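Below is one structure, written out as structure tokens; comments come after it.
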Amino acid sequence: MKITPTPVTAALAGAFAGVVMPLLWPRLGDDTLDWILAFLLVIALPAHALVVGFHAPRESAARGALDTALLKRVAAWLLAGLATVASMKVLPP
1 MKITPTPVTA ALAGAFAGVV MPLLWPRLGD DTLDWILAFL LVIALPAHAL
51 VVGFHAPRES AARGALDTAL LKRVAAWLLA GLATVASMKV LPP
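Letter 93 of the sequence shown, counting from 1, is numbered 93 in our numbering, and no numbers are missing.
Here you go:
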């Protein structure tokens with residue numbers, strides 16, 4: 001299965017992390033392994049798959065050019081995550 005990262009998939013990854021991590025945070029406790037696994041599964045893996053992608057183009061890195069598409073996806077990921085957390089704080093449970 002080939003996943004092509006787009007701003008929409010990046011926003012979905014940010015929204016997923018923004019919903020799941022605040023709900024999971026109080027249940028993690030003091031065990032370091034739980035924290036590592038939570039961050040890997042909730043933040044790092046979706047961000048890598050849906051924001052960065054698994055097949056990055058090599059030609060932009062060789063030219064030394066700035067990857068504006070990646071910057072847009074990262075911005076969409078961060079803004080969606082922040083907006084989701086903010087809306088969860090404002091809206092009643």
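Cβ atoms here follow ideal geometry from the backbone N, Cα and C, with glycine treated the same way.
If you're wondering where the values come from, they're calculated on a predicted model, not measured in any experiment.
- prompt: By how many angstroms is the C-alpha of Val85 removed from the C-alpha of Pro22?
  reply: By one-based count along the sequence shown, residue 22 stands at place 22. By one-based count along the sequence shown, residue 85 stands at place 85. Going by the C-alpha atoms only, they are around 8 Å apart.
- request: Under the assumption that Trp77 contacts Gly14 (Cβ atoms under 8 Å), give the Cβ distance between them as a whole number of angstroms.
  value: Counting from one through the sequence shown, the residue named residue 77 turns up at place 77. Counting from one through the sequence shown, the residue named residue 14 turns up at place 14. That pair is a contact at about 4 Å.
Simplified DSSP state of Thr32, which is helix, strand or coil: If you number the sequence shown from 1, residue 32 lands on position 32. Note: Thr32 maps to helix in three-state DSSP.
task: Specify, as a first and last residue, the run of the alpha helix (DSSP H) that Lys72 falls within.
output: Here residue 72 refers to the residue found at position 72 of the sequence shown. Its alpha helix (DSSP H) spans residues Thr68 to Val90.
query: Considering only C-alpha positions, which residue in the set Leu50, Thr4, Leu24 and Lys2 is nearest to Ala10?
result: Counting from 1 along the sequence shown, the entry for residue 10 is found at position 10. Residue Leu50 is the option with its Cα nearest to Ala10.
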